[in-house]
DNA sequence: CATGATATGTTATACTATATCAAGCGTGAT
DNA sequence: ATCACGCTTGATATAGTATAACATATCATG
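Chains as they are written, first to last, in our numbering: chain D, 31 to 192; chain X, 31 to 192.
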């Protein structure tokens, strides 16, 4: 199941479901979804886009949370460690996970990033099945983590442009 | 054909071949492989590892080239634009291309990055054939560029460790 | 209540990258 | 020849991303 980033959907519901899943996962695993962490996740869920740490920080400020970089980075560290948020390496930015708590830390997300509207869709493109896994096998390389980020144009921007 | 990063090889030859290929490609395309650019490429070729821009910069300094960041970044920009060097997004670092000039800009490299020794091997894991391409097709997404970076342990580090 | 683990506040700093303007240096056109 | 132009480099400043280190607060538990 992929995120609905590129298509119209009940976004309020989309946020509520993700927050509920995060809360359930935290409750089940003795994790503290504190106010800063919760708000950070809400901020990221509010858009299907990747936000920079300093974007997030300034929104946290607006909500009365501490104003220094470590505040944002620590919240992001918690959220990424537990699989609620992913970092988009190609953008040095962060995006909410589409299926949080699905299995904690070990799913293998791939991302489709629209360079026009900035929306990010998360796909479960398990690299274990692709040419990457074959190349690794041939090289005797043991993959622990894979960064897979496709950049291009989403359906809407592709049709609208050129 | 993959790079020989993880296996013993005639490294002097490996460097010489890559430099020759770069020179040929530049000559054929009216590109200037100036001293800074050439030296930058040599630095990256000297190791099968990804180096940060400031690492490269300090090595350039040692060789008498200008000492400001733009010097390194401009050389890297030239080299990446023309396919002689790739950026490893997950590390914010740069690595020499294993098969430069193969087709200029449009090959689809994937990387195997050893977290222990730092070596990087470039594989031609064409994403067009993998699950990523299928996910994109289903989503109506037009991929223009794909970042594929696997992190883990190379054969040597995998055997040596635990 | 004491204790230890977890989380947050705060300051400072490190690391990565680019904008901008000035100067040098070839190549080719007139 | 020299002028004009494009490309490359020099140099200063600043923007953007991330973490180290230490102090304080909070809370569950013994």
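Using N, Cα and C, we set each Cβ at its ideal position, and we do this for glycine too.
Alpha carbon to alpha carbon, what distance is there between residue j and residue i?
{"i": "residue 120 of chain D", "j": "residue 139 of chain X", "result": "15 Å"}
{"i": "residue 134 of chain D", "j": "residue 77 of chain D", "result": "Unreliable positioning characterises residue 134 of chain D in this predicted model, as indicated by a pLDDT of 46, which lies under 50. The coordinate reading is nonetheless provided below. Residue 134 of chain D and residue 77 of chain D: Cα-Cα distance of roughly 22 Å."}
{"i": "residue 41 of chain X", "j": "residue 48 of chain X", "result": "11 Å"}
{"i": "residue 34 of chain D", "j": "residue 100 of chain X", "result": "40 Å"}
{"i": "residue 145 of chain D", "j": "residue 53 of chain X", "result": "33 Å"}
{"i": "residue 98 of chain X", "j": "residue 104 of chain X", "result": "11 Å"}
{"i": "residue 56 of chain D", "j": "residue 62 of chain D", "result": "6 Å"}
{"i": "residue 43 of chain X", "j": "residue 125 of chain D", "result": "44 Å"}
{"i": "residue 72 of chain D", "j": "residue 95 of chain D", "result": "14 Å"}
{"i": "residue 36 of chain D", "j": "residue 183 of chain D", "result": "10 Å"}
{"i": "residue 81 of chain D", "j": "residue 117 of chain D", "result": "9 Å"}
{"i": "residue 186 of chain D", "j": "residue 186 of chain X", "result": "47 Å"}
{"i": "residue 128 of chain X", "j": "residue 153 of chain X", "result": "9 Å"}
{"i": "residue 176 of chain D", "j": "residue 164 of chain X", "result": "18 Å"}
{"i": "residue 171 of chain D", "j": "residue 155 of chain X", "result": "14 Å"}
{"i": "residue 106 of chain D", "j": "residue 130 of chain D", "result": "14 Å"}
{"i": "residue 188 of chain X", "j": "residue 181 of chain D", "result": "32 Å"}
{"i": "residue 143 of chain X", "j": "residue 108 of chain D", "result": "25 Å"}
{"i": "residue 66 of chain D", "j": "residue 68 of chain X", "result": "49 Å"}
{"i": "residue 46 of chain X", "j": "residue 89 of chain X", "result": "19 Å"}
{"i": "residue 115 of chain D", "j": "residue 87 of chain D", "result": "15 Å"}
{"i": "residue 75 of chain D", "j": "residue 147 of chain D", "result": "16 Å"}
{"i": "residue 159 of chain X", "j": "residue 70 of chain D", "result": "36 Å"}
{"i": "residue 137 of chain D", "j": "residue 137 of chain X", "result": "28 Å"}
Mark residue i as exposed unless 16 or more other C-beta atoms lie within 10 angstroms of its C-beta, in which case mark it buried.
{"i": "residue 84 of chain D", "result": "exposed"}
{"i": "residue 5 of chain X", "result": "The structure shown does not extend to residue 5 of chain X, since chain X spans only 31 to 192, so no value can be given for it."}
{"i": "residue 2 of chain X", "result": "Nothing about residue 2 of chain X can be read from this structure; chain X reaches only from 31 to 192."}
{"i": "residue 190 of chain X", "result": "exposed"}
{"i": "residue 225 of chain X", "result": "The requested residue 225 of chain X does not occur in the structure, where chain X is confined to residues 31 to 192."}
{"i": "residue 111 of chain X", "result": "exposed"}
{"i": "residue 149 of chain D", "result": "buried"}
{"i": "residue 79 of chain X", "result": "buried"}
{"i": "residue 151 of chain X", "result": "buried"}
{"i": "residue 60 of chain X", "result": "exposed"}
{"i": "residue 113 of chain X", "result": "buried"}
{"i": "residue 167 of chain X", "result": "exposed"}
{"i": "residue 179 of chain D", "result": "buried"}
{"i": "residue 58 of chain X", "result": "exposed"}
{"i": "residue 169 of chain D", "result": "buried"}
{"i": "residue 92 of chain D", "result": "exposed"}
{"i": "residue 50 of chain D", "result": "exposed"}
{"i": "residue 239 of chain X", "result": "Within the shown structure, residues of chain X are numbered from 31 to 192, placing residue 239 of chain X beyond reach of any answer."}
{"i": "residue 123 of chain D", "result": "buried"}
{"i": "residue 174 of chain D", "result": "exposed"}
Would you give the residue range spanned by the alpha helix (DSSP H) that residue i belongs to?
{"i": "residue 75 of chain D", "result": "65-75"}
{"i": "residue 116 of chain D", "result": "No alpha helix (DSSP H) contains residue 116 of chain D, which is instead part of the beta strand (DSSP E) from 115-118."}
{"i": "residue 91 of chain X", "result": "83-92"}
{"i": "residue 163 of chain D", "result": "161-169"}
{"i": "residue 156 of chain X", "result": "It is not in any alpha helix (DSSP H) - residue 156 of chain X carries neither H nor E in the DSSP assignment."}
{"i": "residue 50 of chain X", "result": "41-58"}
Going by DSSP, which residues form a beta bridge with residue i?
{"i": "residue 181 of chain D", "result": "D:143, X:175"}
{"i": "residue 186 of chain D", "result": "Looking at the DSSP assignment, residue 186 of chain D forms no beta bridge with any residue, so it has no partner."}
{"i": "residue 126 of chain X", "result": "X:115"}
{"i": "residue 79 of chain X", "result": "X:149"}
Counting contacts by CB-CB distance shorter than 9 Å, is residue i in contact with chain X?
{"i": "residue 106 of chain D", "result": "no"}
{"i": "residue 134 of chain D", "result": "Bear in mind that a pLDDT of 46 at residue 134 of chain D, under 50, signals an unreliable position, so the number given afterwards is only what the model happens to contain. Answer no: the Cβ-Cβ gap between residue 134 of chain D and chain X never drops below 9 Å."}
{"i": "residue 77 of chain D", "result": "no"}
{"i": "residue 177 of chain D", "result": "yes"}
{"i": "residue 166 of chain D", "result": "yes"}
{"i": "residue 80 of chain D", "result": "no"}
{"i": "residue 160 of chain D", "result": "yes"}
{"i": "residue 47 of chain D", "result": "no"}
At which residues does the beta strand (DSSP E) containing residue i begin and terminate?
{"i": "residue 153 of chain X", "result": "150-153"}
Is residue i close to chain D? Criterion is C-beta to C-beta, closer than 9 Å.
{"i": "residue 41 of chain X", "result": "no"}
{"i": "residue 147 of chain X", "result": "no"}
{"i": "residue 99 of chain X", "result": "no"}
{"i": "residue 188 of chain X", "result": "yes"}
{"i": "residue 44 of chain X", "result": "no"}
{"i": "residue 36 of chain X", "result": "yes"}
{"i": "residue 184 of chain X", "result": "yes"}
{"i": "residue 73 of chain X", "result": "no"}
{"i": "residue 170 of chain X", "result": "yes"}
{"i": "residue 83 of chain X", "result": "no"}
{"i": "residue 93 of chain X", "result": "no"}
{"i": "residue 153 of chain X", "result": "yes"}
{"i": "residue 120 of chain X", "result": "yes"}
Answer yes or no: the CB of residue i versus the heavy atoms of the ligand HEM, is any distance below 8 Å?
{"i": "residue 117 of chain D", "result": "With respect to the ligand HEM, the structure shown offers nothing to examine, as it has no ligands at all."}
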